[in-house]
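Structure, as structure tokens:
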């Protein structure tokens, strides 16, 4: 049995505690400075207010101030923070890490570099860690379709664990895998993580179909909806995802698999990203849509903003043609220029 | 302006008439022997009872007995029959065809050969046509996501036209393409048509997730559904589709595109296939599910039955391993042996 410390008590960070405690491990769940109310509820009532569930036995909640204590003897550290908090976690956790420590991140993201480069989340975390430790720890990540509340509900869930060292990834996998949490492993971190990030961006596009239908007043008299539009945008997403993953050196076989279309499928079922897409499709500008959604920051939007930075550089370097990735280009116009949605249907492919 | 004759007045055959008449062409819509009531309604009231729409001007309805007249001077023939009717159309239309005639099929399907071979619909049609004409006509097909009622509602729809001769495919495309019907072209008939057929089979699997949820009494107290299951099955579908398309010599790039995941996405939104999957997932045997669905014949089931015939041969020939395509193998057990649904979650990949 192992000791596992989770930093970040949000939905996904907390949900992965279920398979861990069901496998008999001890889990220390450490809230960030934003999670104090969650940790209080967990301590007082054993209830997680975001997941709306009682915590099972074997999960011990900690406030962020107790992080050093919660890390004592930890066999594995789970990074459960939002990808926007990667710098915070590097600076908070970094000084407490030890050589040989293993970290796995449940969140997804990528960031643009100045020269057209893209850094995936584990690389970002690496670069932000203190210099003396960053090359002496193992940084891994989870991709694939997973609604946190369903994992915590012990519903069958299929994901991919990825890291550079297959021995370590396999060891981490063995801590989590059980009869409902089904895990495959991959050393293609670029492929898995770029898919995981892109699906959030492209789900904004698929959501636009419902908004376009709203704009027409809903289904027509014969009941025609706009599923054909959504499906076309889903197909275009997979096509552009394939192009970008390949361009960044990842394996394109991740797209027609769990990290790509599997994860995008579940993201299209519901949630904030598809809702934002719907508002945009219905004619709101990005600025108006953000106001309507109470200022929530969306991963998908952040990804589009990052890609907006590298796209001109990719063109300059001759990596992509001027007319490639038409759907992404529209997303960029919508998010960075407050342009109205105008799906380039006739140019979606080639 | 061209004369186009559509044989088969069902949903899809009739729906493609909309872009044709909107482009100014004359359309003759010929019902099969099963469509007599539809043609009567079209003649009497200009109303298509299945599409629940008034026919626009420019569509002329014909009974099947008038087929020779309806074919006079036709520049293009559209085969709108269900893929189960391919022999009927070959025998009915075949004797009336002339050298140089162009046919495009809106339906999808494939059939097992005795030696592990798979024939796509245009090849089946070819082989069933009279010997003296079969090599003197052009047989083409349509793939990609399209709900007929939405195309007839002039919703944006993105599809792929495929045929052996790109000049002919491009000419056919030019008859249909307009501001809402967006068409790409491909000479990879195997890739497009195998995807189009497989998505019906694999949508049965995705539908099982909802049935498995029904079996559990619906979402749990915290609202956990089974979208993770559906997404895992969607990802497995894309993975197995890729394997089969490649094995049959088609381009695997069709999978993360319109003919593959795009079409499967729209098929998962609703309809008979996903409903049948739900019944199976909820614990009904295939035989019980068919009874519940009033004996309707489903394309997806037919495709599974065809694949059940070729799979042992593929193994014997060393084309696939004994444990490959685990999801398809489960579908085969369910459909051909009345086995209960038992998703092989731990063996879904590799």
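Residue numbers (the numbering used here), protein chains in the order written: chain V, 49 to 398; chain F, 49 to 398.
Beta carbons: idealized from backbone N, C-alpha and C, even for Gly.
It should be emphasised that the depicted structure is a prediction, and the values quoted were computed from it without experimental measurement.
Beta-bridge analysis with DSSP links residue 127(V) to 55(V) and 153(V). Within the same chain, 320, 323, 324 and 327 come within 8 Å of residue 341(F) by CB-CB distance, once the 5 residues on both sides are set aside.
Using a C-beta cut-off of 8 Å, the segment 200 to 218 of chain V makes no contact with the segment 258 to 272 of chain V, since fewer than three inter-stretch Cβ pairs fall below that distance. Sequence-distant Cβ neighbours of residue 83(V) in its own chain, meaning closer than 8 Å and more than five residues away, are 56, 57, 58 and 112.
C-alpha of residue 253(F) to C-alpha of residue 147(F): approximately 43 Å in a straight line. Contact with chain F is found for residue 276(V), since one of that chain's Cβ atoms lies less than 8 Å from the residue's Cβ.
Taking a cut-off of 8 Å for Cβ pairs, the segment 282 to 293 of chain F and the segment 305 to 314 of chain F touch, as three or more such pairs fall below it. Between residue 223(F) and chain V, the shortest Cβ-Cβ separation is not below 8 Å. Taking 8 Å as the cut-off, the Cβ atoms of residue 164(V) and residue 362(V) count as close. Between the C-alpha atoms of residue 297(V) and residue 62(V) there is a straight-line separation of about 32 Å.
The shortest CA-to-CA distance from residue 235(V) to any of 256(V), 80(V) and 189(V) is the one to 189(V). Around the Cβ of residue 132(V), a 10 Å sphere holds fewer than 16 other Cβ atoms; the residue is exposed. Using a Cβ-Cβ cut-off of 8 Å, residue 371(F) is close to nothing in chain V; its nearest Cβ partner there is about 15 Å away. Burial is judged here by how many other beta carbons sit within 10 angstroms of a residue's own beta carbon; residue 395(F) has fewer than 16 and is exposed. For the C-beta of residue 100(V), the chain F residues within less than 9 Å are, from N- to C-terminus, 269, 270 and 271. By alpha-carbon distance to residue 140(V), the top candidate from 124(V), 155(V), 119(V) and 154(V) is 119(V). Annotation for residue 50(V): 73, 123, 124 and 223 place their beta carbon closer than 7 Å to its own, counting only its chain and skipping 5 residues before and after.
At a cut-off of 8 Å, the C-beta of residue 90(F) has no neighbouring C-beta in chain V. With contacts defined as CB atoms closer than 8 Å, residue 383(F) and residue 352(F) qualify as a contacting pair.
Per the C-alpha coordinates, the member of 243(F), 318(F), 335(F) and 115(F) positioned closest to residue 387(F) is 335(F). A Cβ-Cβ contact shorter than 8 Å links residue 261(F) with residue 273(F). Beta-bridge analysis with DSSP links residue 101(V) to 96(V). At the C-beta level, residue 149(F) and residue 107(F) stay beyond 8 Å of one another. DSSP places residue 203(F) in the coil class of the three-state scheme, outside both helix and strand.
Cβ-Cβ distances below 6 Å link residue 368(F) to 362 in the same chain, with the five nearest sequence neighbours on each side left out; the list follows chain order. For residue 311(F), the C-beta contacts it makes with chain V under 9 Å involve 279 and 283, in order along the chain.
Counted as a single uninterrupted DSSP element, the stretch harbouring residue 276(F) is not any beta strand (DSSP E) but the alpha helix (DSSP H) occupying residues 275 to 295. Exclusion of the five residues before and after residue 331(F) leaves 263 and 388 as the residues of its chain whose Cβ lies within less than 7 Å of its Cβ. Taking a 10 Å sphere around the C-beta of residue 247(F), we find 16 or more other C-beta atoms and assign the residue as buried. For residue 176(F), the uninterrupted alpha helix (DSSP H) run begins and ends at 169 to 176, by DSSP. The C-alpha of residue 176(F) lies about 6 Å from the C-alpha of residue 135(F). For the C-beta of residue 323(V), not a single chain F residue is nearer than 8 Å; the gap to the nearest is close to 15 Å. Residues of chain F whose Cβ lies closer than 8 Å to the Cβ of residue 295(V) do not exist; the shortest such Cβ separation is about 15 Å. In the displayed model, residue 70(F) falls within a helix according to three-state DSSP. Residues of the segment 172 to 203 of chain V that bring their beta carbon within less than 9 Å of a beta carbon in chain F comprise 192, 193, 194, 195, 197, 198, 199, 200, 201, 202 and 203, in sequence order. The C-alpha of residue 360(V) is placed about 48 Å away from the C-alpha of residue 103(F).
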